[in-house]
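Student: Residue numbers (the numbering used here): 653 to 917.
Cβ coordinates follow ideal geometry from the N, Cα and C atoms, glycine included.
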């Protein structure tokens with residue numbers, strides 16, 4: 653099976669073909685500097701036709717004539733994406749790739765990409781900080797048990813986000829408060845275990861030392877950036893590719909997508 657992992661981020665789009673270790677990366681934009689269009693906002697598809705054009709351009713770089721036809725794309729989406737957001741992402745990618753598309757929640761993929769045993773019944777806290785959205789999740793027994801999100805705005809060329817800008821100062825307090833609220837919602841019997849396991853940070857924001865310092869100081873929890881944090885999601889998606897061969901197009905590689913159902917707590 654020729655398959656592709658696709659991390660469609662606000663600032664950068666990353667792709668990894670099955671059987672390969674070479675990650676292809678490009679800005680999540682097209683057009684000339686100063687007039688570029690950025691069709692992904694806060695991790696969600698804001699402009700489907702433009703996003704499809706972006707994906708086609710990215711695929712042309714990653715899938716060349718020497719590769720067999722693409723059969724499957726595993727696409728990451730934010731945990732907090734609505735059903736409409738997920739349909740928009742699915743429509744944009746499937747129209748560009750012209751193959752089956754399967755969806756998985758990005759923080760779960762990021763955990764897999766970091767080597768976390770997501771099947772562990774003990775709760776694990778992960779914070780995924782991208783250029784457009786920061787999501788904190790509690791992972792337990794193979795699923796995301798609870799989640800929170802903060803939108804992030806970093807404006808540069810053509811309204812797009814800066815690469816490597818980290819978490820803006822104004823958003824750090826909001827991110828810390830979000831993680832604190834998430835920890836407080838973990839059932840009391842499991843909270844100490846979750847805290848002992850520490851907080852794992854992925855995404856570009858993992859490179860922001862001030863964010864890690866504030867999280868550690870204010871939450872009194874061990875905080876550590878993931879190895880190669882910006883590529884954790886796409887590597888995790890690639891690891892999950894073998895699990896999706898027999899799943900229905902448009903559904904999650906871990907579970908059926910029910911973005912409107914309540915999270916288990």
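(1) Tell me where the alpha helix (DSSP H) around residue 803 begins and ends.
(2) In the DSSP output, what is residue 655 paired with across the bridge?
(3) Which residue's Cα is closest to the Cα of residue 733: 822, 883 and 759?
(4) Does the region 852-871 touch the region 756-776, meaning 3 or more C-beta pairs lie closer than 8 Å?
(5) Taking a contact to mean a Cβ-Cβ separation below 9 Å, would you say residue 773 touches residue 751 in this structure?
(6) Residue 732 by DSSP, collapsed to three states: which one?
(7) Tell me the rounded alpha-carbon separation between residue 712 and residue 748.
(8) Quick one: residues in its chain with C-beta nearer than 6 Å to the C-beta of residue 877, no 5 flanking neighbours on either side, listed in chain order?
(9) For residue 825, does the count of other Cβ atoms within 10 angstroms reach 16, so buried, or fall short, so exposed?
(10) Would residue 776 and residue 768 be called neighbours here (beta carbons separated by less than 9 Å)?
(11) Roughly how many whole angstroms lie between the Cα atoms of residue 695 and residue 784?
(12) Excluding the 5 residues flanking residue 788 on each side, which residues of the same chain have their C-beta closer than 6 Å to its C-beta?
(13) Decide yes or no for the touch test of the region 725-732 against the region 680-688: beta carbon pairs closer than 8 Å, at least 3 of them.
(14) Can you tell me which of the three DSSP states residue 839 falls into?
(15) Between residue 659 and residue 886, which are expected to be in contact by the criterion C-beta below 8 Å, what is the C-beta distance as a whole number of angstroms?
(16) Who does residue 660 pair with in a DSSP beta bridge?
(17) Could you check where the beta strand (DSSP E) with residue 786 kicks off and where it finishes?
(18) With a cut-off of 8 Å on the beta carbons, I'd call residue 762 and residue 793 a contact; round off their distance for me.
(19) Please identify the residue among 836, 892, 882 and 883 whose C-alpha is closest to the C-alpha of residue 623.
(20) What's the gap between the Cα of residue 796 and the Cα of residue 702?
(21) Using a threshold of 9 Å, state whether the C-beta atoms of residue 893 and residue 667 are closer than that.
(22) Is the beta carbon of residue 665 less than 9 Å from the beta carbon of residue 710?
(23) Could you please give the first and the last residue of the uninterrupted alpha helix (DSSP H) stretch that includes residue 862?
Tutor: For this structure:
(1) Unbroken run through residue 803 is the beta strand (DSSP E), 795-803; no alpha helix (DSSP H).
(2) For residue 655, the pairing in a beta bridge is given by DSSP as 724.
(3) The shortest C-alpha separation from residue 733 is found at 759.
(4) They touch, by the three-pair rule.
(5) With respect to the 9 Å criterion, residue 773 and residue 751 are not classified as neighbours on the basis of their beta carbons.
(6) Secondary structure of residue 732 (DSSP, three-state): coil.
(7) One alpha carbon belongs to residue 712, the other to residue 748, and they sit about 10 Å apart.
(8) Contacts found: 853 and 858.
(9) It counts as exposed.
(10) Going by C-beta atoms, residue 776 is nearer than 9 Å to residue 768.
(11) Residue 784 has its alpha-carbon roughly 6 Å from the corresponding atom of residue 695.
(12) Within the same chain, residue 788 has close Cβ partners 779, 800, 830, 831 and 834.
(13) Contact between the region 725-732 and the region 680-688 is absent, because fewer than three Cβ pairs lie under 8 Å.
(14) The three-state reading of DSSP puts residue 839 in coil, since its state is none of H, G, I, E or B.
(15) That belief holds up - the Cβ atoms of residue 659 and residue 886 are roughly 4 Å apart, short of 8 Å.
(16) In the DSSP output, where bridge partners are listed per residue, residue 660 has 665.
(17) Where residue 786 is concerned, the enclosing beta strand (DSSP E) stretches over 785-792.
(18) Contact doesn't hold; Cβ gap of about 17 Å is too wide.
(19) This structure cannot settle anything about residue 623, because the visible part of the chain is limited to 653 through 917.
(20) For residue 796 and residue 702, the distance between alpha carbons rounds to 30 Å.
(21) Between residue 893 and residue 667, the gap from beta carbon to beta carbon reaches 9 Å or more.
(22) Taking the C-beta atoms as reference points, residue 710 is found nearer than 9 Å to residue 665.
(23) Run containing residue 862: 861-871, per the alpha helix (DSSP H) assignment.
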